[in-house]
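Some notes on the structure that comes next.
2 protein chains.
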Amino acid sequence: MTDQGPRILTIPAGDDRERLTCPDCGFVAYENPKMVAGSVVSVDERIMLCRRAIEPRKGFWTLPAGFLELNETPEEGARREAWEEARARISINALLAVYSVPRISQVQLIYRATLAEPGFEAGPESLEVALFTWADIPWNEIAFPSVRWALDEYKARLNQTVFAPGVNPPGMVVDRF
Amino acid sequence: MTDQGPRILTIPAGDDRERLTCPDCGFVAYENPKMVAGSVVSVDERIMLCRRAIEPRKGFWTLPAGFLELNETPEEGARREAWEEARARISINALLAVYSVPRISQVQLIYRATLAEPGFEAGPESLEVALFTWADIPWNEIAFPSVRWALDEYKARLNQTVFAPGVNPPGMVVDRF
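Going line by line, the protein sequences match chains A and B. Using my numbering, read the first sequence as starting at 1 and increasing by one per residue. Using my numbering, read the second sequence as starting at 178 and increasing by one per residue.
This is the structure:
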């Protein structure tokens, strides 16, 4: 319980569930799940990973990905994140996966992409950016489970141009349907 | 400009863009795009549509769909909305489309589904719920463009079990990639 901001649970008029409201200013904090947009970017046979410069999981490797902003499509968000985190201009060619992390109210849209122009380097949220062959991926230093899922999905789809996007692996919240 | 709630644009510490903050209580309203989860539900060759009992577009026909709630996967959201709006228990079999409406910061995940058990009726947000053959769909009384897109996508995918989800039609914000 905080002592400022939206902190009282009430059901607003016309709604059907409790929302956090601020008793001082009347603001209703409608909270909705957040979308993450990201990409598995390949260059020839190698995959781009970014070593995180920020918490959580600072020092661990991740895909360029982040929260979608207002007035942005998921594709635009994935391109923006690739630029912000890896100074990479990417070209998206397919939706690789849709992952759900309901515990933290997150849905991730991960695209398959290539470099649209040569060159990349660490952006402000990355310690370093590097390309890895499959065998060289630092599997023990991967930041989040869904990064591993997306890399597996990428490999499974390597020679496929048309495919249904992957979802969480069996047993991980929702089964593949 | 309102006179209460978050209404001052400032860049919070550690952020890189302006957010609405409340000068009275200090609350930062991090706004993110909202996700809509919905479904094209078919029964044999007919498609379920709901006539809206609420604004916007009251009286027009739509798919069972609505805003994803916290701690919910998109599939769960689509099933909940089918229950709330059409008292239908559905079984999802594919992700049919991912549509972006960046003007209103919305991303829609539309699934292809069938009835998991017989029966449906109007929920509190619907005036009526009905099944339509393709020829009988009330095309001039469809609530939103993306409903039409999803219906077209459904028809195009009718005999396909594995396919990439559709995106906005060409020229409608983002091209098919």
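Ideal placement from N, C-alpha and C gives every residue a C-beta, glycine not left out. Because the structure is a prediction, the values reported are computed rather than measured.
Counting C-beta pairs with one atom in each stretch, the segment 235-246 of chain B and the segment 311-329 of chain B have three or more that are closer than 8 Å, which means they touch. In the three-state reduction of the DSSP assignment, N140 (chain A) falls in the helix class. Per the Cβ contact rule, the segment 106-117 of chain A is in contact with the segment 39-47 of chain A (3 or more Cβ pairs under 8 Å). For I92 (chain A), the closest alpha carbon among the candidates A:Q4, A:S100, A:R80 and A:V101 is that of A:R80.
Excluding residues up to 5 positions away in sequence, nothing lies with its Cβ nearer than 8 Å to the Cβ of I104 (chain A) in the same chain. Three or more beta-carbon pairs drawn from the segment 312-321 of chain B and the segment 221-234 of chain B are found closer than 8 Å, and the two stretches are therefore classed as touching.
In the same chain as E208 (chain B), and ignoring 5 residues on each side of it, the C-beta atoms closer than 8 Å to its own belong to R196, L197 and S282, in chain order. Contacts with chain A at 8 Å (Cβ-Cβ) do not include L308 (chain B). With fewer than 16 neighbouring CB atoms inside 10 Å of its own CB, V43 (chain A) falls in the exposed class. Beta-bridge analysis with DSSP links M48 (chain A) to A:L131.
Taking 8 Å as the upper bound for CB-CB distance, G5 (chain A) and F204 (chain B) are in contact here, some 4 Å apart. Within chain A, the C-beta atoms nearer than 8 Å to that of G182 (chain B) come from C22, C25, G26 and F27, in chain order. In the DSSP assignment, L328 (chain B) falls within the unbroken alpha helix (DSSP H) covering P322 to A333. In this structure, the alpha-carbon of L127 (chain A) lies about 15 Å from that of P138 (chain A). With respect to the C-alpha of K211 (chain B), the residue from A:D3, A:Q108, A:A86 and A:T10 having the closest C-alpha is A:Q108.
DSSP places A116 (chain A) outside any beta strand (DSSP E), giving it a letter other than H or E.
Any Cβ of chain A closer than 8 Å to the Cβ of S277 (chain B) would place that residue at the interface, and such an atom is present. Of the residues assessed, R17 (chain A) falls on the exposed side of the cut-off, its CB having fewer than 16 other CB atoms within 10 angstroms.
Between G171 (chain A) and E153 (chain A), the C-beta spacing is not below 8 Å.
Apart from sequence neighbours up to five positions away, the residues of its chain that approach A230 (chain B) with a beta-carbon distance below 8 Å are A299, P301, E302, S303 and L304, ordered along the chain. Look at E195 (chain B): its C-beta is not under 8 Å from any C-beta on chain A. With 16 or more neighbouring CB atoms inside 10 Å of its own CB, P64 (chain A) falls in the buried class. Uninterrupted alpha helix (DSSP H) stretches at least 4 residues long and entirely within the segment 241-290 of chain B occur at 251-263, given in chain order. R266 (chain B) has its alpha-carbon roughly 34 Å from the corresponding atom of A78 (chain A). In terms of beta-carbon proximity, S216 (chain B) stays away from the interface with chain A, with every pair separated by 8 Å or more. The beta-bridge partner set that DSSP reports for V218 (chain B) consists of B:A290. Taking a beta-carbon distance threshold of 8 Å, L70 (chain A) counts as an interface residue toward chain B.
In the three-state reduction of the DSSP assignment, T21 (chain A) falls in the strand class.
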